[in-house]
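For the protein sequence lines, the chains are A and B, in the order given.
Residue 89 in our numbering sits at position 89 of the first sequence; the count goes up by one each step and never skips.
Residue 1289 in our numbering sits at position 289 of the second sequence; the count goes up by one each step and never skips.
Let me begin by presenting the structure, written as structure tokens, before commenting on it.
2 protein chains.
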Amino acid sequence: MTNVKPTLNEAQQIEVKRQMAIYTQGVQEIIPTVELENKIAKSILENKPLKIKLGLDPSAPDVHLGHTVVLNKMRQFQENGHIIQLIIGDFTGKIGDPTGKSVARKQLTDEEVKHNAKTYFEQFAKIIDMEKVELHYNSKWLSKLNFEDVIQLAGKITVARLLERDDFEDRISHGKPISLHEFFYPLMQGYDSVMLECDIELGGTDQHFNILMGRHFQEKFGKEKQVALLMPLLEGLDGVEKMSKSKHNYIGIDEQPEEMYGKAMSIPDELMVKYFELITDFTPDQIQQLKEQLETGTLHPRDAKMLLGKTIVRMYHGAEEAEKAQQHFISVFQKGAMPEDIPVVKWEGASEIGIIEFLVGLQLFQSKSEARRMIENRGVKLNGTTVEDPKGKCTLTEGLIVQVGKRKFIKITL
Amino acid sequence: MTNVKPTLNEAQQIEVKRQMAIYTQGVQEIIPTVELENKIAKSILENKPLKIKLGLDPSAPDVHLGHTVVLNKMRQFQENGHIIQLIIGDFTGKIGDPTGKSVARKQLTDEEVKHNAKTYFEQFAKIIDMEKVELHYNSKWLSKLNFEDVIQLAGKITVARLLERDDFEDRISHGKPISLHEFFYPLMQGYDSVMLECDIELGGTDQHFNILMGRHFQEKFGKEKQVALLMPLLEGLDGVEKMSKSKHNYIGIDEQPEEMYGKAMSIPDELMVKYFELITDFTPDQIQQLKEQLETGTLHPRDAKMLLGKTIVRMYHGAEEAEKAQQHFISVFQKGAMPEDIPVVKWEGASEIGIIEFLVGLQLFQSKSEARRMIENRGVKLNGTTVEDPKGKCTLTEGLIVQVGKRKFIKITL
Chain A
1 MTNVKPTLNE
11 AQQIEVKRQM
21 AIYTQGVQEI
31 IPTVELENKI
41 AKSILENKPL
51 KIKLGLDPSA
61 PDVHLGHTVV
71 LNKMRQFQEN
81 GHIIQLIIGD
91 FTGKIGDPTG
101 KSVARKQLTD
111 EEVKHNAKTY
121 FEQFAKIIDM
131 EKVELHYNSK
141 WLSKLNFEDV
151 IQLAGKITVA
161 RLLERDDFED
171 RISHGKPISL
181 HEFFYPLMQG
191 YDSVMLECDI
201 ELGGTDQHFN
211 ILMGRHFQEK
221 FGKEKQVALL
231 MPLLEGLDGV
241 EKMSKSKHNY
251 IGIDEQPEEM
261 YGKAMSIPDE
271 LMVKYFELIT
281 DFTPDQIQQL
291 KEQLETGTLH
301 PRDAKMLLGK
311 TIVRMYHGAE
321 EAEKAQQHFI
331 SVFQKGAMPE
341 DIPVVKWEGA
351 SEIGIIEFLV
361 GLQLFQSKSE
371 ARRMIENRGV
381 KLNGTTVEDP
391 KGKCTLTEGL
401 IVQVGKRKFI
411 KITL
Chain B
1001 MTNVKPTLNE
1011 AQQIEVKRQM
1021 AIYTQGVQEI
1031 IPTVELENKI
1041 AKSILENKPL
1051 KIKLGLDPSA
1061 PDVHLGHTVV
1071 LNKMRQFQEN
1081 GHIIQLIIGD
1091 FTGKIGDPTG
1101 KSVARKQLTD
1111 EEVKHNAKTY
1121 FEQFAKIIDM
1131 EKVELHYNSK
1141 WLSKLNFEDV
1151 IQLAGKITVA
1161 RLLERDDFED
1171 RISHGKPISL
1181 HEFFYPLMQG
1191 YDSVMLECDI
1201 ELGGTDQHFN
1211 ILMGRHFQEK
1221 FGKEKQVALL
1231 MPLLEGLDGV
1241 EKMSKSKHNY
1251 IGIDEQPEEM
1261 YGKAMSIPDE
1271 LMVKYFELIT
1281 DFTPDQIQQL
1291 KEQLETGTLH
1301 PRDAKMLLGK
1311 TIVRMYHGAE
1321 EAEKAQQHFI
1331 SVFQKGAMPE
1341 DIPVVKWEGA
1351 SEIGIIEFLV
1361 GLQLFQSKSE
1371 ARRMIENRGV
1381 KLNGTTVEDP
1391 KGKCTLTEGL
1401 IVQVGKRKFI
1411 KITL
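As structure tokens, then:
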């Protein structure tokens, strides 16, 4: 049905094109584009919103800018009247890892799931309108399946198809074990799309296989197939690895303005445009203009990056805080306060650590009491922000700048 | 626990040896022998019978001598006071094949399962004491599992381990599909052993993988592991293929005495001793004696085979019928009535066919009416048995001898 292009009048055709231009901006892959176009056309003709699915892992509620790549895309659909379906994958969260080996899949209680979901929503509210979101917990249908249902579901897919998933293929070829239960995670994700009759599923390119499971099972269950809309993965502050909490190369959307701004300034120049495209609210036209200015040299990369930092702070803290963060940055890092070449120190210890232990570990102080005194005298700054609590902990990130007194600077690499 | 040999007195040690001699007779493989010995020792010390498991497919209730290889072994355990656990695999029978592709796995109703089970039991009663058997339907526990239970179960085995099963390995290497649900059949068989705490599971060598699943899952669930006792597969009348209904090379245990005897006489000489070992009630000593007599030439192979035929008929119809069947065979096939060289005709038609159609198809008669007349005159015999009903059907088996009148003989090959 989605392969037959409905008949549209001219105004409707323009509207399809307008929406397509928005949704395809910055996207890595659409499977397939023609179905997306037809779904949009149909939704215009029938005046019926599309259902846009996003699955959430209930175990990792800290939202950083890497996540916002997808969230910004969801917002665009929402702004055009489509419905966001957020699915909390609480079913697997409550089971945990049956082999007990995976730390990432630790078992969660009902309370933990609810608490994590709430944490997500509070953060998501900064990007999408949570009032208009459809919220689902997949345990609602998955916990009702019995063994016979599971066999019927498993009968709709082959082992060879599952082994095509990159990480499975990789493990098989390296002789590393795959527990049979792991085959069920993509099945569940696919079955969620069957139950919610999703039109589009969004995710990073690392979700390629799992999102196609939705198409597969919807077809097997005689439903209209969803379109896979895959977003690029955002590299973190190091410019190499995917942004993630475990790599300490992230900007959390709950971080303080000055920290956020400082971190944004530390990304490599060549990532700037990608950041504008994927995590800001800049329109395609604005981004095109920016690109041209950078290419012709009418915009200095440093100024573009300051615009990026200011934009990110504005999106999460408002225009006023954004201006303040920029002023702070200029006063600390630009007005000659910071030397051109800061010595880089590789940190091999824990990445969550007490501030005093950290400072002594860096050999910036001979003793803990010396370090404490300097903090109490407001003489220690991390990324330009004064450390207030000598008993506090700090989370080390790539490129963190430690300042002691007026002149001593160190840049941390992990 | 089963690896520690209990302390036995001399009489008990003799008893262990006596039972081991019986159970190991004719067996292809025991995994592992030392555990079997320890289980027997423990059962003697604690005066506690062992649980001997046999799983049954509820879709194929026709019992032939191929099945009795395992049943005879069960009987030996039963005669020594151990408990037979018959498990009807009704759970999968009721589901059928979720892909709808497999004819062998057609969906069965409750009534069909019960009816098939009853058919099994009536036939088994000729070999084992059904009064003393523990009877189980595995839907009792399998239908209670929910998705979470299934994931926990699946978490106890790796994909690589399942792909080791010969037929899976074969299909993967030939690019033939394996539906994911097929991975669950060995899991279920293993889980049955967990639920029933089986000590020993019996089966043909083709059950090697599935029976080891029982050991695997019992260990994963913290139970004592069962011993796998694998019996050789019995070749059928053709001496080549495994005896099976679909190959038309079988002797059913419900067949009439004369037919049974005649079929037994058609097996190749080199299979005789194996038949004695695997499907008769001859003791190890008796079989040893028979072997020696055949080797030294004091027993003619023909006479040994007649003893085999008579023994098989005796086991299923009693001594009197056995004697009669032998006399019948002698009168028809030996007293000069049957020529030395019977022409062999390859039959390419259906194997279930009306007798008249069959005779005309063989070109033994020019017309159907001619064939009918000969049958009505009692002039047609199949394997020495007079055909009574011209409207009847016959099931063609390898080596079937068709006799028309006194002198015309044809041997069928399929």
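The C-beta atom is built at its ideal place from N, Cα and C for all residues, glycine as well.
Excluding the 5 residues flanking residue i on each side, which residues of the same chain have their C-beta closer than 7 Å to its C-beta?
{"i": "B/K1346", "result": "T1413"}
{"i": "A/R314", "result": "A322"}
{"i": "A/H28", "result": "Just to set this straight, residue 28 of chain A is Gln in the shown sequence, not His. Closer than 7 Å at Cβ, skipping near neighbours: T205, L230, M231 and P232."}
{"i": "B/M1001", "result": "In this predicted model, B/M1001 has a pLDDT of only 47, less than 50, meaning its place in the structure is not dependable; the value taken from the coordinates is given anyway. Answer for B/M1001: E1224, listed in chain order."}
{"i": "B/W1428", "result": "No statement about residue 1428 of chain B is possible, as the shown extent of chain B runs from 1001 to 1414 and does not include it."}
{"i": "B/P1058", "result": "I1088, G1089, D1090, G1093, L1108, V1113, N1116 and A1117"}
{"i": "A/K126", "result": "I253 and Y316"}
{"i": "A/V16", "result": "L8, E37, I40, A41 and I44"}
{"i": "A/S143", "result": "F91"}
On the DSSP bridge assignment, give the partners of residue i in chain order.
{"i": "A/Q85", "result": "A/K53 and A/E134"}
{"i": "A/Q403", "result": "A/K381 and A/F409"}
{"i": "A/C426", "result": "Look at the range of chain A in this structure, 1 to 414, and you will see that residue 426 of chain A is not part of it."}
{"i": "B/E1352", "result": "B/T1395"}
{"i": "A/L229", "result": "A/I30 and A/L202"}
Which value, in whole angstroms, describes the spacing of the CA atoms of residue i and residue j?
{"i": "B/C1394", "j": "B/L1382", "result": "9 Å"}
{"i": "B/G1236", "j": "B/F1184", "result": "31 Å"}
{"i": "A/D129", "j": "A/Q78", "result": "8 Å"}
{"i": "B/A1117", "j": "B/L1071", "result": "15 Å"}
{"i": "B/E1164", "j": "A/L56", "result": "35 Å"}
{"i": "A/Q207", "j": "A/G89", "result": "15 Å"}
{"i": "A/Q366", "j": "A/S351", "result": "21 Å"}
{"i": "A/N9", "j": "A/L45", "result": "9 Å"}
{"i": "B/K1274", "j": "A/K101", "result": "49 Å"}
{"i": "A/I30", "j": "A/Q226", "result": "11 Å"}
{"i": "B/L1153", "j": "B/K1247", "result": "37 Å"}
{"i": "B/F1282", "j": "B/A1021", "result": "13 Å"}
{"i": "B/D1097", "j": "A/T280", "result": "51 Å"}
{"i": "B/T1099", "j": "B/L1400", "result": "38 Å"}
{"i": "A/D389", "j": "A/H317", "result": "24 Å"}
{"i": "A/G354", "j": "B/Q1189", "result": "54 Å"}
{"i": "B/E1201", "j": "B/K1073", "result": "11 Å"}
{"i": "B/Q1293", "j": "B/L1299", "result": "5 Å"}
{"i": "B/K1156", "j": "B/A1228", "result": "20 Å"}
{"i": "A/E296", "j": "A/P343", "result": "Per the sequence shown, residue 296 of chain A should be read as Thr rather than Glu. Whole-angstrom Cα-Cα distance: 33 Å."}
{"i": "B/K1176", "j": "A/G222", "result": "25 Å"}
{"i": "B/K1291", "j": "B/K1242", "result": "23 Å"}
{"i": "B/E1259", "j": "B/P1186", "result": "37 Å"}
Residue i touches chain A at which residues, Cβ-Cβ below 8 Å?
{"i": "B/E1112", "result": "Correct list: empty, because the minimum Cβ distance to chain A is about 17 Å."}
{"i": "B/A1154", "result": "P98, S179, L180, H181, F183 and F184"}
Sorted by chain position, which residues of the same chain lie with C-beta nearer than 6 Å to residue i's C-beta, five sequence neighbours on each side aside?
{"i": "B/A1264", "result": "L1308, G1309 and I1312"}
{"i": "A/V63", "result": "Q123 and I253"}
{"i": "B/H1138", "result": "In the sequence as displayed, the identity of residue 1138 of chain B is Asn instead of His. Correct list, in chain order: I1087, G1089, F1091 and D1192."}
For residue i, which residues in chain A fall below 7 Å Cβ to Cβ?
{"i": "B/I1151", "result": "I95, P98, H181 and F184"}
Which residues in the same chain have their Cβ closer than 8 Å to the Cβ of residue i, if we skip the five residues on either side of it in sequence?
{"i": "A/I178", "result": "F168, R171 and I172"}
{"i": "B/K1305", "result": "A1264, M1265, I1267, D1269 and M1272"}
Using a C-beta to C-beta distance shorter than 9 Å, which residues of chain B count as neighbours of residue i?
{"i": "A/N210", "result": "Going along chain B, no residue has its Cβ under 9 Å from A/N210, so there is no contact; the nearest lies around 15 Å."}
By the criterion of Cβ-Cβ separation under 7 Å, what are the contact partners of residue i in chain B?
{"i": "A/V387", "result": "Going along chain B, no residue has its Cβ under 7 Å from A/V387, so there is no contact; the nearest lies around 45 Å."}
{"i": "A/T109", "result": "None at all; the shortest Cβ gap to chain B is about 15 Å."}
Using a C-beta to C-beta distance shorter than 9 Å, which residues of chain A count as neighbours of residue i?
{"i": "B/S1143", "result": "N146, F147 and E148"}
{"i": "B/I1172", "result": "V159, A160 and L163"}
If we cut at 8 Å on Cβ distances, does residue i have a partner in chain E?
{"i": "B/K1411", "result": "Checking the listed chains, one finds no chain E in this structure; the protein chains it contains are A and B."}
Quick one: which residues of the stretch 1174-1208 of chain B get their C-beta closer than 7 Å to a C-beta of chain A? List them in chain order. P1177, I1178, S1179, L1180, H1181, F1183 and F1184
Given a limit of 9 Å on CB to CB distance, which residues of the stretch 1158-1169 of chain B reach chain A? T1158, V1159, A1160, R1161, L1162, L1163 and F1168
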